[in-house]
Amino acid sequence: MTDATAETPRRGSGTGSLMVPDARTAKRNAREKRFRLYGLVAVCTGILMLALLLTSILSAGLSAFRQTTIQVEVPLVAERLDPEGNRDPAQMAKVTTFGYAPLLRDALIGTIESAGIETELDPRAIADMVSDESVAQLRAFVLANPGVLGQTIPVEVLASGRIDGFFKGRVTYQTAELDKNISPEQLQLAEALQEAGLLATGFNWRFITAPDASTTRPEAAGLGVAILGSFYMMLVVLALALPIGVAASIYLEEFAPQNKFTDLIEVNISNLAAVPSIVFGILGLAIFINFAGLPQSAPIVGGLVLTLMTLPTIIIATRASLKSVPPSIRSAALGLGASRMQTVFHHVLPLAMPGILTGTIIGLAQALGETAPLLLIGMVAFVREYPGAPWEGGLFDPATALPVQVYNFTQRSDPAFVERASGAIIVLLIFLLIMNLAAIFLRRKFERRW
Amino acid sequence: MSLTKTAVSTIAVAAVCATAAAARDQVQVAGSSTVLPYASIVAEAFGENFDFPTPVVESGGSSAGLRRFCEGVGENTIDIANASRAIRSGEIEACAANGVTDIIEVRIGYDGIVFASQQDGPAFTAFTPSDLFNALGAQVLVDGALVENPYTQWSEFNADLPAVDIAAFIPGTNHGTREVFEEQVIAAGCEATGAFQAMMDAGMSEDDAEDACLAVRSDGAAVDITGDYTETLARIDSNPDGVGVFGLSFYENNTDVLKVATMNGVSPSVDTIASGEYPVSRPLFFYIKGAHIGVIPGLKEYASFFVSNDIAGPWGPLADYGLVSDPELEAVQANVENEVNMTE
Numbered sequence: 001m002t003d004a005t006a007e008t009p010r011r012g013s014g015t016g017s018l019m020v021p022d023a024r025t026a027k028r029n030a031r032e033k034r035f036r037l038y039g040l041v042a043v044c045t046g047i048l049m050l051a052l053l054l055t056s057i058l059s060a061g062l063s064a065f066r067q068t069t070i071q072v073e074v075p076l077v078a079e080r081l082d083p084e085g086n087r088d089p090a091q092m093a094k095v096t097t098f099g100y101a102p103l104l105r106d107a108l109i110g111t112i113e114s115a116g117i118e119t120e121l122d123p124r125a126i127a128d129m130v131s132d133e134s135v136a137q138l139r140a141f142v143l144a145n146p147g148v149l150g151q152t153i154p155v156e157v158l159a160s161g162r163i164d165g166f167f168k169g170r171v172t173y174q175t176a177e178l179d180k181n182i183s184p185e186q187l188q189l190a191e192a193l194q195e196a197g198l199l200a201t202g203f204n205w206r207f208i209t210a211p212d213a214s215t216t217r218p219e220a221a222g223l224g225v226a227i228l229g230s231f232y233m234m235l236v237v238l239a240l241a242l243p244i245g246v247a248a249s250i251y252l253e254e255f256a257p258q259n260k261f262t263d264l265i266e267v268n269i270s271n272l273a274a275v276p277s278i279v280f281g282i283l284g285l286a287i288f289i290n291f292a293g294l295p296q297s298a299p300i301v302g303g304l305v306l307t308l309m310t311l312p313t314i315i316i317a318t319r320a321s322l323k324s325v326p327p328s329i330r331s332a333a334l335g336l337g338a339s340r341m342q343t344v345f346h347h348v349l350p351l352a353m354p355g356i357l358t359g360t361i362i363g364l365a366q367a368l369g370e371t372a373p374l375l376l377i378g379m380v381a382f383v384r385e386y387p388g389a390p391w392e393g394g395l396f397d398p399a400t401a402l403p404v405q406v407y408n409f410t411q412r413s414d415p416a417f418v419e420r421a422s423g424a425i426i427v428l429l430i431f432l433l434i435m436n437l438a439a440i441f442l443r444r445k446f447e448r449r450w
Numbered sequence: 451m452s453l454t455k456t457a458v459s460t461i462a463v464a465a466v467c468a469t470a471a472a473a474r475d476q477v478q479v480a481g482s483s484t485v486l487p488y489a490s491i492v493a494e495a496f497g498e499n500f501d502f503p504t505p506v507v508e509s510g511g512s513s514a515g516l517r518r519f520c521e522g523v524g525e526n527t528i529d530i531a532n533a534s535r536a537i538r539s540g541e542i543e544a545c546a547a548n549g550v551t552d553i554i555e556v557r558i559g560y561d562g563i564v565f566a567s568q569q570d571g572p573a574f575t576a577f578t579p580s581d582l583f584n585a586l587g588a589q590v591l592v593d594g595a596l597v598e599n600p601y602t603q604w605s606e607f608n609a610d611l612p613a614v615d616i617a618a619f620i621p622g623t624n625h626g627t628r629e630v631f632e633e634q635v636i637a638a639g640c641e642a643t644g645a646f647q648a649m650m651d652a653g654m655s656e657d658d659a660e661d662a663c664l665a666v667r668s669d670g671a672a673v674d675i676t677g678d679y680t681e682t683l684a685r686i687d688s689n690p691d692g693v694g695v696f697g698l699s700f701y702e703n704n705t706d707v708l709k710v711a712t713m714n715g716v717s718p719s720v721d722t723i724a725s726g727e728y729p730v731s732r733p734l735f736f737y738i739k740g741a742h743i744g745v746i747p748g749l750k751e752y753a754s755f756f757v758s759n760d761i762a763g764p765w766g767p768l769a770d771y772g773l774v775s776d777p778e779l780e781a782v783q784a785n786v787e788n789e790v791n792m793t794e
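Each protein sequence line maps, in turn, to chains E and H.
One point on numbering: in my numbering, the residue at position 97 of the first sequence is 97, and numbering is uninterrupted.
If you count the second sequence from 1, you need to add 450 to reach my numbering.
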């Protein structure tokens, strides 16, 4: 059909043809094309930026999920670890990590010798190739199992940050020449250990479960405390912000009279949603810590502060989803004799639930990535102890949070922490992705269209 | 209405929680970001070797730490403030006003301040305080006359320095390091170049001249870094001609990317700083709240452990990380042991 009409163009008589666009139509079409192009460019720029961000984070951070370890046979010399000889843990605890360090060093040298590797490195340089964390782990293990004294046990120890970096390509022979913390000879020894099968790189569970470690032990630093702290804070936010936010929205939307006062409240809620988060931190410090006397660095305070921050988001989302429930539903319920409260709880709220849940999850995701307010309430800290279980008062124990841990890692002097920081960002992004996917899933699954 | 409701309910929840909160059983520390790495190394080792929980260490700067330290006595205030400078008399007064009267001062050692640039950058290998004053002072002496700093390149006042634009990344005024940088480098350079004398001759009082000496040019050649040394490092990374101010320990951890300059011909190291040859260094401190000893478990043990020979001695982990061990460590240990308060 179209071909036939195309073959019989109407020409002449100044009116132009439908098939041959006149100048103004061409201009209009070109304008539309240009506009589409602008949109496309904008989308592409966004995607490009995202791709850049993700590549830089992934390329820097994925290596944090792998860790180099060394197998060492450690003879636990009873005379050195239990000078009193009575296997009393209290007595044995007097031998500090400074007493265990030479033991591990000698064990490492022994392992190297028995593997038939020759090296001219002095003992101190060899000891520097493993993490100080391993000494502490060894001590904790011996104190927990005094029976192993006198035996020789195989121990998997963490390689030092520089050795670990060598197998991840961060440290090379060139940089080792200039680096005061590692020498090319140590790298050669590490390669020899790898050939002997004593040194291997594997998946790094410790990065997810272990607590933070000090500046000198980047290889041991993990996110355990931060993940728990973030989780506790989200619990508090969910437990407080959801009921308060939903109650406030239902009242404002369904019961409150429309007057200047409720208008004022509405404006204020919208304004609160745009208040910089650090302001909530100042408020939290003044009210929760200085006035109410809650402990510093505790997830409960962080959770309360983030609740204040998340409330406006939840209230706005809840009100929007309540508004989108058609008035006919309310009229029908009221017409059948339901009270206003029954109308709300039996009919309106269930229909608005997907929107409320989506708003809550997005609010939680926003709170999960927040750092600034936590700065003022003492959560930007070096915390190594896991907080207790929530029913044991764990909400009051010191903890950090995931974004805070990223910030902490970026401030450390050892270059290995760059990788840890990016690794922590990846973990944070995965959590955010899961939460946002859950929001989309809930919306798709329960959404009603009219 | 919803706001009041929110506020009231959160406060109510908070109050209920506060009564349920158990007594604090871990030491809390805050303060200087320069002391933070040392404090975290000690806290970690303390947690490993003692039955007490690992202390919680926050940073935030010397001034912020001391302000929080002086907020009062009680479980929701910190026990120890780390500082990269000595406490000021104003701060002691503020402390006393809030009931913090027993303060134990502990000097943990010395930290050197070094000037470093990109490993492959121009040859910034030797500085004197005069060079840095000429490069960074607001007013300098040119041909015997005091003028607004006219220099744009290092080679303009010292032919031995590279002919590149001046770009120095110096610690911001929120850092204790800035004070040391001003007093030991800029002021020294001001006197050495004769600018100080010229200012006095121009009729300034001694105090005014000292202040004028410390003024840093504000035309963009000197950039204040309010963040940490990692920020300075990032700035140097992106600017090959940049010169940055770092702590010795930070430099020692990044020798593969940074090249350090000598000061008055002395290269910075733990040895030259300990002997006093390297001129730019400062003591590091922490302050213990006397009223919390015996109340917060592990507080005194942590302090004693911090200054013990195993930790703060010349072969301890702190010295490994770049701290210059205190030659009078024994006196410091005795001070902590006897809980000697500051006298002022």
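Even for Gly, the Cβ is constructed at its ideal location relative to N, Cα and C.
Given that residue i touches chain H, what residues does it touch there, using C-beta distances under 8 Å?
i	result
P295/E	A471, R474, E525, N526
F141/E	The contacting residues do not exist; F141/E stays about 12 Å from chain H at best.
In terms of residues, what are the limits of the alpha helix (DSSP H) holding residue i?
i	result
R518/H	512-519
D678/H	From DSSP, D678/H is part of no alpha helix (DSSP H); its letter is neither H nor E.
Q783/H	779-787
E598/H	It is not in any alpha helix (DSSP H) - E598/H instead sits in the beta strand (DSSP E) that spans 595-598.
Q137/E	132-144
E656/H	656-664
N584/H	579-586
I want to verify the contact list: residues of chain E whose CB lies under 7 Å from the CB of residue i, in sequence order.
i	result
I491/H	S214, T215, T216
N624/H	Going along chain E, no residue has its Cβ under 7 Å from N624/H, so there is no contact; the nearest lies around 14 Å.
D678/H	Q411
Q569/H	L178
In terms of DSSP beta bridges, what is residue i paired with?
i	result
F696/H	V564/H
T201/E	T68/E
A709/H	Position check: residue 709/H holds Lys in this sequence, whereas Ala was assumed. In DSSP, K709/H forms a bridge with S567/H.
I746/H	I743/H
L591/H	L596/H
D615/H	Q603/H
P390/E	DSSP, once it has assigned bridges, lists no residue as partnering P390/E.
L734/H	G559/H
P154/E	E73/E
A684/H	In the DSSP output, where bridge partners are listed per residue, A684/H has none listed.
Of the residues the options, which one's Cα is nearest the Cα of residue i?
i	options	result
Y407/E	A381/E, L294/E, A101/E	A381/E
F619/H	D610/H, A645/H, V666/H	V666/H
I250/E	Q366/E, T318/E, S131/E	T318/E
G443/E	F409/E, L395/E, L121/E, T358/E	According to the sequence provided, residue 443/E is Arg. The question's Gly does not apply to it. Taking only the C-alpha atoms, the option nearest R443/E is T358/E.
S731/H	K709/H, S775/H, F755/H, L516/H	S775/H
A107/E	P123/E, V325/E, T96/E	P123/E
Q71/E	L193/E, Q366/E, K27/E, L54/E	L193/E
G481/H	G670/H, V550/H, A493/H, Y737/H	Y737/H
A753/H	G726/H, Q783/H, W765/H, A741/H	Q783/H
D212/E	A439/E, L437/E, A421/E, L428/E	A421/E
L698/H	P184/E, T307/E, L235/E, D414/E	D414/E
S539/H	N532/H, I553/H, D678/H, N526/H	I553/H
Name the two residues that bound the continuous beta strand (DSSP E) containing residue i.
i	result
P403/E	Counting along the chain, P403/E falls outside any beta strand (DSSP E), though it belongs to the alpha helix (DSSP H) covering 402-410.
Q478/H	478-481
A533/H	530-533
For a contact defined as C-beta to C-beta under 9 Å, what are the partners of residue i on chain E?
i	result
A495/H	T96, T97, F98, D132, A136, S214
Please compile the residues from chain E whose C-beta is within a distance smaller than 8 Å of the C-beta of residue i.
i	result
S699/H	S413
Show which residues of chain H have a CB atom less than 7 Å away from the CB atom of residue i.
i	result
D179/E	T705, D706
P398/E	Q476, V506
Could you work out which residues of chain C lie near residue i, taking near to mean beta carbons separated by less than 7 Å?
i	result
P503/H	Included in the structure are the protein chains E and H, with no chain C among them.
Just the chain H side, please: which residues come within less than 9 Å of residue i by C-beta, in chain order?
i	result
F382/E	V479, L486, A489, S490, A493, E494, T504, P505, V506, V507, E508, S509
| field | alpha helix (DSSP H) runs wholly inside the stretch 315-374 of chain E, at least 4 long, in chain order | value | 327-335, 349-368
| field | beta strand (DSSP E) segments (min. 3 residues) lying fully within the stretch 156-226 of chain E | value | DSSP runs (the beta strand (DSSP E)) wholly in the stretch 156-226 of chain E: 199-203.
| 4 or more residues per run - each alpha helix (DSSP H) lying fully within the stretch 247-324 of chain E | 260-273, 277-284, 299-323
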